[in-house]
Amino acid sequence: MEKKRDDIKFLFNTLALTFTIVALIVVFQPYMVDDPRLEEVKKIESQLINITPQDVPGLLKSTTGKPVLFMAYATWCYYCRQVMPVIIQLMRDHEFDEFTPVFISLDSEPRKLSRYLVHRDFYHYFRPYVLDSGLFNRLSSVMQPIGSSFSGIIPYIAIFKDGRMVVEVNKVVNRQQLLDLVAQAK
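Just so we're on the same page, the working numbering is the position in the sequence shown counted from 1, plus 13.
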């Protein structure tokens, strides 16, 4: 009986150690990889623009006279990672040239966000705004007075004209649905 108890204890300790090692690898993996674009990542990380919820209405009033294409997203959000490449491809195809892009990340790890933007070549298409995830719940209260029904569900995509929401969607959309969204805003 004593041997069986020692075997169980050994197995438990081995599993606990294995779990700890795996957890450490998952947490620190982004920092352990020899990243060939590390300098680019650091540059983008230094260019992240930290904002508060109160800054958002001002960002949605375009200084260029163009409507604003707004997106709230996070790199940890599965659906955001699905729709972001579609939006960026539309930008590459010049489908959104008549819009000023305002994309706000809810990521709390600047290095992870910078890696995401650099390794997918997304950072060329918009300024990287970051809203502290602790302030995220306050965003809906500043968006409602400008016509948005933002409830905290991401990805959230909307088009604003003169600081007022024209059309919005808070579900995963495909290329055609995004083009239809643009058509509705015209």
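The beta carbon of each residue, even a glycine, is placed where N, CA and C say it ideally should be.
Exercise for the section: In the DSSP assignment, find the unbroken beta strand (DSSP E) run with residue 116 in it and report its ends. Expected result: Translated into the one-based positions of the sequence shown, residue 116 becomes position 103. Run containing residue 116: 113 to 118, per the beta strand (DSSP E) assignment.
Exercise for the section: Would you please state the rounded distance, in angstroms, between the beta carbons of residue 119 and residue 167? I believe it to be under 8 Å. Expected result: Counted from its first residue, the sequence shown places residue 119 at position 106. Counted from its first residue, the sequence shown places residue 167 at position 154. With a Cβ gap of about 7 Å, residue 119 and residue 167 count as contacting.
Handout entry: Residue range of the beta strand (DSSP E) that includes residue 138
Key = As a first step, residue 138 is located in the sequence shown; it is residue number 125 there, counting from the start. Careful: residue 138 lies outside any beta strand (DSSP E) and carries neither H nor E.
Handout entry: residue 62 - partner residues in DSSP beta bridges
Key = Residue numbering aside, residue 62 sits at position 49 when the sequence shown is read from its first letter. BP columns for residue 62 point to 142.
Handout entry: Cβ distance (whole Å) where residue 195 is taken to contact residue 108 below 8 Å
Key = Start at 1 with the first residue of the sequence shown, and residue 195 comes out as number 182. Start at 1 with the first residue of the sequence shown, and residue 108 comes out as number 95. Right, the Cβ-Cβ distance comes to about 7 Å (below 8 Å), so this counts as a contact.
Handout entry: Distance, residue 21 Cα to residue 129 Cα
Key = By one-based count along the sequence shown, residue 129 stands at place 116. By one-based count along the sequence shown, residue 21 stands at place 8. Roughly 42 Å between the two C-alpha positions.
Exercise for the section: Please state whether DSSP places residue 87 in a helix, a strand or coil. Expected result: Taking the sequence shown and counting its residues from 1, one reaches residue 87 at position 74. The DSSP-derived three-state label of residue 87 is coil.
Problem - With 16 other Cβ atoms within 10 Å as the buried cut-off, status of residue 62 - result: Counting from 1 along the sequence shown, the entry for residue 62 is found at position 49. Result: exposed.
Practice task
Let me know the secondary structure DSSP gives residue 177 once reduced to three states.
Solution key: Taking the first residue of the sequence shown as 1, we reach residue 177 at position 164. Assignment of residue 177 by DSSP, reduced to helix, strand and coil, places it in the strand class.
Handout entry: Short Cβ contact (9 Å threshold) for residue 116 with residue 83
Key = If you number the sequence shown from 1, residue 116 lands on position 103. If you number the sequence shown from 1, residue 83 lands on position 70. For residue 116 and residue 83, yes; Cβs fall inside 9 Å.
Practice task
Tell me where the alpha helix (DSSP H) around residue 150 begins and ends.
Solution key: Position 137 of the sequence shown holds residue 150. The continuous alpha helix (DSSP H) containing residue 150 extends over residues 149 to 156.
Exercise for the section: May I ask you to report which of helix, strand or coil DSSP gives residue 185? Expected result: Mapped onto the sequence shown, residue 185 falls at position 172. Coil.
Handout entry: Beta bridge counterpart(s) of residue 171 as assigned by DSSP
Key = Along the sequence shown, read from residue 1 onward, the residue named residue 171 stands at position 158. Beta-bridge pairing links residue 171 to 83, 181.
Problem - Same chain only: Cβ atoms within 6 Å of residue 92, ignoring 5 sequence neighbours per side - result: If you number the sequence shown from 1, residue 92 lands on position 79. Contacts found: 168, 185.
Problem - residue 160, DSSP secondary structure in three states - result: Sequence index remark: in the sequence shown, residue 160 carries index 147 (1-based). Secondary structure of residue 160 (DSSP, three-state): coil.
Practice task
State buried or exposed for residue 31, treating a residue as buried only when at least 16 other CB atoms are found within 10 Å of its CB.
Solution key: Start at 1 with the first residue of the sequence shown, and residue 31 comes out as number 18. Label assigned to residue 31: exposed.
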